Amino acid sequence: MHAREHVQIAAYMAVFAPNYLRQKAAHSPSALESFWIASKCRLDRWGIRLKTHATLLETGSATDLPRFWNAARPVIEEILVSDILTRVWISTCVAYDRIHRKVAAEPIARSVFLGHMEARNRALNLLLHGRGLEATMMVPLNRLRRRTERWTDMLLGYIAAETDVNSFGYDQSRVREFGSDIRGERSSMEGSATWTMLLESAVDAFGNQLVNEPANSDLNRDIAGAVMSCFGADLFDQTSLINPMWEARIANLADDAELLVEQLLTVNEPIVKRPQRDMPRISPMI
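One point on numbering: in full-length UniProt numbering, the residue at position 151 of the sequence shown is 151, and numbering is uninterrupted.
Here it is in structure tokens:
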């Protein structure tokens, strides 16, 4: 899965999740766990690759620098673009916990959010200080950075219209402005129409401007599947434009059912400690 598809998921969640979360009280612990594992693995891969690219750019010959930058571009783009879903996701989790007065989803999402912020800072630092970056690559990457920031603030405006999540945007005043505009729009436009417009805009904004080969297609898909199954399958049943990833949903539902059965059958311990899953091996993918 490409990070551009994460933008579509983020747009859908921003439009439909706020009202949905007020009606639904359940969340999937297994999906949250899957999200955390896949996200941490991707953060580790990013760290390894950014460190490797920084070393190559520092020590490599001038003739090799364009090749090194071409190799680094997919991971830099993935970090920038997938940050949209990361910030919309933590905002959704914060909204969920506040609405239902729980401490369930926010801590996990915040841990990943902080790791993503660090990775983004390292990627931008590489762009700023790396040797041999030509304008033909620097200019589009800088435009991509600005585009992702504006898209993030716009999508957060949909959630900020319901609860205060301005701090997760890049420009808090811009998030508030978007939120104010969106509150005015909701009386005149249905959610489905808003979503259709956002989808078309997302395809135009991130469709052909990115490298076709994603840096971590497997983990991108795992993260998307966990996000889409965390707050219930029917949230995404309203659209056929996004692959619902039924296998991920079924797996998380099965894990949740198993945990519930263990809790019901346990007499002495009200909370069952589940065995830790083996972390998947992380390949540097250089």
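Note that beta-carbon positions come from the ideal geometry of N, C-alpha and C, so glycine has one too. Predicted model only: the values in this text are computed from it and were never measured.
Apart from sequence neighbours up to five positions away, the residues of its chain that approach V103 with a beta-carbon distance below 8 Å are D97, ordered along the chain.
The closest CA to that of W36, considering only R101, D171 and E106, is found on E106. Selection A26, L21, A62 and M138 evaluated against I99 yields L21 as nearest (Cα-Cα).
Bounds of any alpha helix (DSSP H) do not take in P214, whose DSSP letter is neither H nor E. CA-to-CA, the gap between A17 and Q23 works out to about 10 Å.
One alpha carbon belongs to G132, the other to I79, and they sit about 21 Å apart. Non-local beta-carbon contacts of Q172 in its own chain, meaning distances under 6 Å to residues more than five positions away in sequence, involve N166 in chain order. The beta carbons of A215 and V81 sit about 11 Å from each other, so the pair does not count as a contact at 8 Å. About 6 Å separates the beta carbons of M1 and A224, which is inside the 8 Å limit, making them a contact pair. Within its own chain, no residue has a Cβ closer than 8 Å to the Cβ of T63 once the five positions on either side in sequence are excluded.
Uninterrupted alpha helix (DSSP H) stretches at least 4 residues long and entirely within the stretch 24 to 70 occur at 29 to 59, given in chain order.
The straight-line gap separating the alpha-carbon atoms of I159 and R101 is approximately 17 Å. Distance between Q209 and M138, taken at the CA atoms: about 13 Å. For M154, the uninterrupted alpha helix (DSSP H) run begins and ends at A135 to A160, by DSSP. The three-state secondary structure of N220, taken from DSSP, is helix. Per DSSP, reduced to three states, the secondary structure at D164 is coil, with no helix or strand assignment. Annotation for R122: the continuous alpha helix (DSSP H) segment containing it runs E106 to H129.
The beta carbons of L156 and R87 sit about 7 Å from each other, so the pair counts as a contact at 8 Å. The straight-line gap separating the alpha-carbon atoms of G60 and F68 is approximately 9 Å. The DSSP-derived three-state label of V103 is coil.
Assigned with DSSP and collapsed to three states, Q209 falls in coil, not helix or strand.
Between L43 and R122, the beta carbon gap of about 11 Å keeps them out of contact (Cβ cut-off 8 Å).
The straight-line gap separating the alpha-carbon atoms of T148 and A26 is approximately 31 Å.
Taken through DSSP and simplified to helix, strand or coil, Y96 comes out as helix.
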